[in-house]
Amino acid sequence: MNNHIVKSYDAEFQELDRMTAHMGGLAEKLLADAFAALERRDPNLAAAAVASDKAIDNLEAQVQERAILMIAKRQPLANDLRHIMTVLKIAGDLERIGDLAKNIAKRALAVSGEAHPKTLMNGLRHMSELAMRQLKDALDSLSTRDAAKAREVWHSDAGLDALYNSVFRELLTYMMEDPRNIGLCTHLLFGAKNIERIGDHTTNIAENVLYLVEGVAMTDERPKGDDTSSMVLAARPA
Amino acid sequence: METLKVDMTAAKRLEAERIAPVTSAGLPAKVVARDVNVYYGEKHALKSVNVDIPDRGVTAFIGPSGCGKSTFLRCINRMNDTISICRVTGKITIDNQDIYDPSLDVVQLRARVGMVFQKPNPFPKSIFDNVAYGPRIHGLAKSRTDLEEIVTASLEKAGLWNEVKDRLNDSGTGLSGGQQQRLCIARAIAVNPDVILMDEPCSALDPIATAKVETLIDELRGNYCIIIVTHSMQQAARVSQRTAFFHLGTLVEEGPTEKIFSAPSDPRTQDYITGRTG
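Order-wise, the sequence lines are chains A and B. So that you can map any letter, position 191 of the first sequence is 190 in numbering that gives the first Met the number 0, and since no number is skipped, the others follow by simple counting. So that you can map any letter, position 22 of the second sequence is 21 in numbering that gives the first Met the number 0, and since no number is skipped, the others follow by simple counting.
Here is the structure:
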């Protein structure tokens with residue numbers, strides 16, 4: 000893809016890809032740190048994670064500016080146009096992933112003083128591991144233009160949704176068992192919701208990679224597994 | 000023998016389409032080309048072109064210089080007849096009529112298939128006479144009033160009327176480049192053609208004049224089959240509904256413009272429109 004007659008055009012694409020890859024790396028690290036801070040109750044790590052989101056925001060602004068300039072200067076067509084539009088959208092998703100991960104880090108700060116049983120974290124750990132794996136695969140599929148891998152990521156979001164449903168039930172059960180858990184569990188519940196949303200943005204990235212590589216927009220119905228919004232939880236009879 | 004076989008198939012296909020020619024896009028076909036080859040002496044300039052061009056719409060021909068797009072355009076009104084070493088084989092029909100039929104009157108054909116060139120070429124006559132020339136020689140006007148009506152209507156359709164109505168007797172060559180080109184378009188539509196061929200009609204015009212000609216093309220497409228050769232990919236993307244990409248004398252790919260410019264099927268098309276070395 001680097002054989003434009005105008006060589007500086009190639010250089011612009013390389014720079015755009017480099018910035019997107021950098022954003023992806025920062026978002027992955029932010030998510031990993033935010034969860035580690037939550038699990039280990041480490042306020043220093045949490046604070047560092049919160050601070051690191053700024054760099055992602057800055058990069059998104061730069062990607063946007065460069066993409067707009069490239070469109071104005073080069074009037075891109077075909078795969079070049081898809082490349083620029085895709086990077087623009089993926090940068091938006093990565094920025095949102097950064098925000099959601101930052102929110103987990105903030106919650107880690109809020110609950111860092113509270114003691115919590117290790118078992119409480121199991122479900123959430125599984126969720127964050129799966130989300131991180133998917134994010135990594137999505138970013139890999141972007142850098143290698145691997146449609147098969149992107150499609151795999153796209154399909155695997157249902158697994159994250161299923162996990163979220165069970166974490167949702169689990170945390171509610173803890174809250175019902177002992178009202179002293181409510182404060183912590185509410186934060187964890189929002190954390191779980193954030194990870195579920197990160198999965199959705201990762202699915203967006205995978206969709207965009209598919210469009211970039213294959214030139215057709217993904218029109219299949221997304222595999223949806225999050226049904227917590229319609230879950231009815233009856234209070235246990237006293 | 001091989002050539003003969005291809006010809007037979009093409010002829011059969013044409014026979015089948017005689018009933019209701021329809022393009023791949025499901026639109027009624029106006030211009031149908033089957034196995035069209037063009038030779039300039041020994042040089043094989045156009046190689047077995049097969050394409051169905053729909054009526055009432057703009058089809059853009061794009062491709063690098065020397066790819067055969069202008070050669071093919073000039074086949075459609077037999078402009079290539081004027082080049083002595085040029086030889087055309089295969090079949091081109093307009094409304095099912097073979098335009099290379101020896102009994103066909105080429106002058107009549109060129110009235111049905113108008114042409115607008117790269118460089119505006121008004122006659123060194125008045126604005127009125129430029130537009131009236133065609134209707135006069137083809138006897139389209141019964142009276143002076145008829146002729147005036149045709150001239151007015153053509154200039155209106157070409158979006159030039161308001162700019163020239165007070166100076167119809169001034170020379171056409173005194174107009175600006177963009178106005179001259181619209182005068183040439185008015186001259187082409189004055190003889191009521193079915194097909195309008197445009198060979199890089201905006202390449203000698205500034206962006207404002209280009210925008211006016213493009214607006215005009217967009218307005219005309221409801222009534223004519225317009226075929227435009229352009230080197231500006233953005234122009235092809237803006238004005239056409241279908242695009243055909245020519246490369247080294249071959250028609251590589253033809254399809255809906257939005258598909259050609261967002262996700263072309265052939266890597267040669269992609270390389271060309273994105274400015275890559277193939």
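A virtual CB, placed ideally from N, CA and C, is assigned to each residue, including glycine.
What does residue i touch in chain B if you count any residue whose Cβ is under 7 Å from its own?
{"i": "A:V5", "result": "G274"}
{"i": "A:N57", "result": "Those within 7 Å of A:N57 in chain B number zero; the least Cβ separation is about 30 Å."}
{"i": "A:N2", "result": "R275 and T276"}
When the Cα atoms are used, what is the spatial distance from residue i to residue j?
{"i": "A:C184", "j": "A:G190", "result": "9 Å"}
{"i": "A:Y8", "j": "A:L187", "result": "46 Å"}
{"i": "B:K90", "j": "B:V105", "result": "16 Å"}
{"i": "B:F244", "j": "A:R132", "result": "43 Å"}
{"i": "B:H43", "j": "B:I225", "result": "26 Å"}
{"i": "B:W160", "j": "B:M78", "result": "30 Å"}
{"i": "A:F34", "j": "A:I89", "result": "23 Å"}
{"i": "B:S153", "j": "B:H246", "result": "36 Å"}
{"i": "B:K156", "j": "A:I83", "result": "40 Å"}
{"i": "A:Y173", "j": "A:D32", "result": "25 Å"}
{"i": "B:Y223", "j": "B:L204", "result": "23 Å"}
{"i": "A:K117", "j": "A:L37", "result": "11 Å"}
{"i": "B:Q240", "j": "A:P222", "result": "36 Å"}
{"i": "B:I61", "j": "B:M232", "result": "7 Å"}
{"i": "A:S165", "j": "A:A50", "result": "31 Å"}
{"i": "A:R150", "j": "B:Y99", "result": "53 Å"}
{"i": "A:G182", "j": "A:A157", "result": "28 Å"}
{"i": "A:I70", "j": "A:R17", "result": "18 Å"}
{"i": "B:C85", "j": "B:L45", "result": "11 Å"}
{"i": "B:V234", "j": "A:A47", "result": "Note on residue identity: the sequence assigns Gln, not Val, to residue 234 of chain B. C-alpha separation (whole angstroms): 51 Å."}
{"i": "A:E11", "j": "B:R275", "result": "15 Å"}
{"i": "A:N102", "j": "A:K28", "result": "14 Å"}
{"i": "B:P63", "j": "B:G254", "result": "18 Å"}
{"i": "A:H154", "j": "A:L138", "result": "15 Å"}
Taking the alpha helix (DSSP H) that residue i falls in, what are its first and last residues?
{"i": "A:M131", "result": "N121 to T143"}
{"i": "A:E64", "result": "P42 to R73"}
{"i": "B:F71", "result": "K68 to I75"}
{"i": "A:N78", "result": "A77 to V110"}
{"i": "A:E220", "result": "Neither: A:E220 is in no alpha helix (DSSP H) and is coded neither H nor E."}
{"i": "B:I184", "result": "G176 to I188"}
{"i": "B:V105", "result": "V105 to R111"}
{"i": "A:D9", "result": "K6 to R39"}
{"i": "A:G198", "result": "I181 to E213"}
{"i": "A:H154", "result": "A146 to E176"}
Using the beta-carbon of each residue, which ones in chain B are nearer than 9 Å to residue i?
{"i": "A:V215", "result": "A262"}
Can you find a CB in chain B that lies within less than 9 Å of the CB of residue i?
{"i": "A:R150", "result": "no"}
{"i": "A:N79", "result": "Residue identity check: residue 79 of chain A is Asp in the sequence provided, not Asn. Taking Cβ atoms only, chain B reaches closer than 9 Å to A:D79, which makes this a yes."}
{"i": "A:N207", "result": "no"}
{"i": "A:Y173", "result": "no"}
{"i": "A:Y163", "result": "no"}
My assumption, with CB atoms under 8 Å, is that residue i sits in contact with residue j. Please give the rounded CB distance.
{"i": "A:E195", "j": "A:D225", "result": "6 Å"}
{"i": "B:V57", "j": "B:R181", "result": "Actually they are not in contact, since the Cβ atoms of B:V57 and B:R181 sit about 16 Å apart, beyond 8 Å."}
{"i": "A:A45", "j": "A:S111", "result": "7 Å"}
{"i": "B:L196", "j": "B:N76", "result": "6 Å"}
{"i": "B:G133", "j": "B:R186", "result": "6 Å"}
{"i": "B:V50", "j": "B:L250", "result": "6 Å"}
{"i": "B:L72", "j": "B:D198", "result": "6 Å"}
{"i": "A:E94", "j": "A:D41", "result": "Not confirmed; about 25 Å, so no contact."}
Over the uninterrupted beta strand (DSSP E) stretch that includes residue i, give me the two end residues.
{"i": "B:F116", "result": "That residue, B:F116, is in no beta strand (DSSP E); it is neither H nor E in DSSP."}
{"i": "B:C85", "result": "C85 to I93"}
{"i": "B:S47", "result": "K42 to P53"}
{"i": "B:M197", "result": "V194 to D198"}
{"i": "A:P116", "result": "Run containing A:P116: none; DSSP gives neither H nor E here."}
{"i": "B:F60", "result": "G56 to I61"}
{"i": "A:T227", "result": "No beta strand (DSSP E) holds A:T227; DSSP gives it neither H nor E."}
{"i": "B:C224", "result": "C224 to V228"}
{"i": "B:N36", "result": "A28 to Y39"}
{"i": "B:P255", "result": "T249 to P255"}
Quick one: list the residues of chain A neighbouring residue i, beta-carbon separation under 8 Å, in chain order.
{"i": "B:Q233", "result": "Q74"}
Kindly indicate if chain A contains any beta-carbon less than 9 Å away from that of residue i.
{"i": "B:Q269", "result": "yes"}
{"i": "B:A210", "result": "no"}
{"i": "B:I18", "result": "With a pLDDT of only 43 at B:I18, under 50, the local geometry of the prediction cannot be trusted, and no value is derived from it."}
{"i": "B:A236", "result": "yes"}
{"i": "B:G138", "result": "no"}
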